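There are 2 protein chains.
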Amino acid sequence: MRIGALKLKAQLYCGDALAMGPGKADLLEAIAREGSISAAGRVMGMSYRRSWLLVDEMNRCWRDRLVETMPGGGKARGARLTDTGATVLAAYRALETALADATTGETLATLDTLLRTEPLSPATPLSD
Amino acid sequence: MRIGALKLKAQLYCGDALAMGPGKADLLEAIAREGSISAAGRVMGMSYRRSWLLVDEMNRCWRDRLVETMPGGGKARGARLTDTGATVLAAYRALETALADATTGETLATLDTLLRTEPLSPATPLSD
């Protein structure tokens, strides 16, 4: 999530597994919109295998799975968010909003004032 | 920054250059404590060249440099934070605190309730 010069990343872990993050949230939204894991992966530029593995990881991290697949053959089988999936996605987006709101204070303004628009050119390394 | 299952990362960019982030803030703190770039790099397990390049990148991203080196020979030359360096470091830490405070609401509690402690084992990939 970008807020001017600030890049914020919120990730939820279940043990060492990434349960939710920016990419997985985008994938959930794409699945809800496209109605299938393969179509969602395609619009996000990832392979079916990759998108399937991300969905599987999410499904294993939460008390209920976030995505359910519907009967049907092949890669084109339908998929949709479960109620838990919709709840987790909404809560994650709300968390991102709360984080963004937390940056509206004076602190980020202080940093923004001091930050250049573009960096100066690299200096010659100090000689030893 | 870890808050239970949540990992938060705040990065400030100047163009494509990373002006401040968790690692650079830690390096600034180490320089303030150790009094030299090489000693700070050493306690953080990085080479002198690596720590010098990170300092140089920071110095080029802000209106004033964050670290100044003191006269003296070789890698052991002293270094300290400028006033701007101390200001930026404090503002970055304050931003992290504001972000952490923003996660104390109901949203993270909702997510925490639904999250498993450990993920289930990977499933057998769906056959195509």
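If you're matching them up, the sequences are chains H and W in order. Position 105 of the first sequence, counted from 1, bears residue number 105 in my numbering, the numbering being contiguous throughout. Position 43 of the second sequence, counted from 1, bears residue number 43 in my numbering, the numbering being contiguous throughout. Using N, Cα and C, we set each Cβ at its ideal position, and we do this for glycine too. Predicted model, so just to flag it, every value in this text is computed and none were measured.
Put simply, the backbone Cα of leucine 27 of chain H is about 39 Å away from that of tryptophan 52 of chain W. Of H/Pro22, H/Asn59 and H/Met44, the smallest CA-CA separation from tyrosine 92 of chain H is found for H/Pro22. Inter-residue distance for alanine 40 of chain H and cysteine 61 of chain W is about 38 Å (C-alpha atoms, whole angstroms). Straight-line measurement puts the Cα of arginine 33 of chain W at about 11 Å from the Cα of valine 43 of chain W. For leucine 89 of chain W, no CB of chain H lies under 8 Å from its own CB, so it is not counted at the interface with that chain. In the DSSP assignment, methionine 58 of chain W falls within the alpha helix (DSSP H) that extends over 48 to 61.
When DSSP states are grouped into helix, strand and coil, alanine 5 of chain W belongs to the coil group. Around the beta carbon of methionine 70 of chain W, fewer than 16 other beta carbons sit within 10 angstroms, so the residue counts as exposed. The C-alpha of leucine 114 of chain H is placed about 5 Å away from the C-alpha of arginine 63 of chain W.
Nearest CB-CB separation between arginine 116 of chain W and chain H: below the 8 Å threshold.
Under the three-state reduction of DSSP, threonine 69 of chain W is assigned to strand.
A straight-line Cα-Cα distance of about 54 Å links leucine 81 of chain H and alanine 79 of chain W. The closest CA to that of glutamine 11 of chain W, considering only W/Met58, W/Ala86, W/Gly35 and W/Arg116, is found on W/Met58. Contact with chain H is found for glycine 105 of chain W, since one of that chain's Cβ atoms lies less than 8 Å from the residue's Cβ.
By the neighbour-count criterion, in which 16 or more other beta carbons inside 10 Å mark a residue as buried, aspartate 112 of chain H falls on the exposed side.
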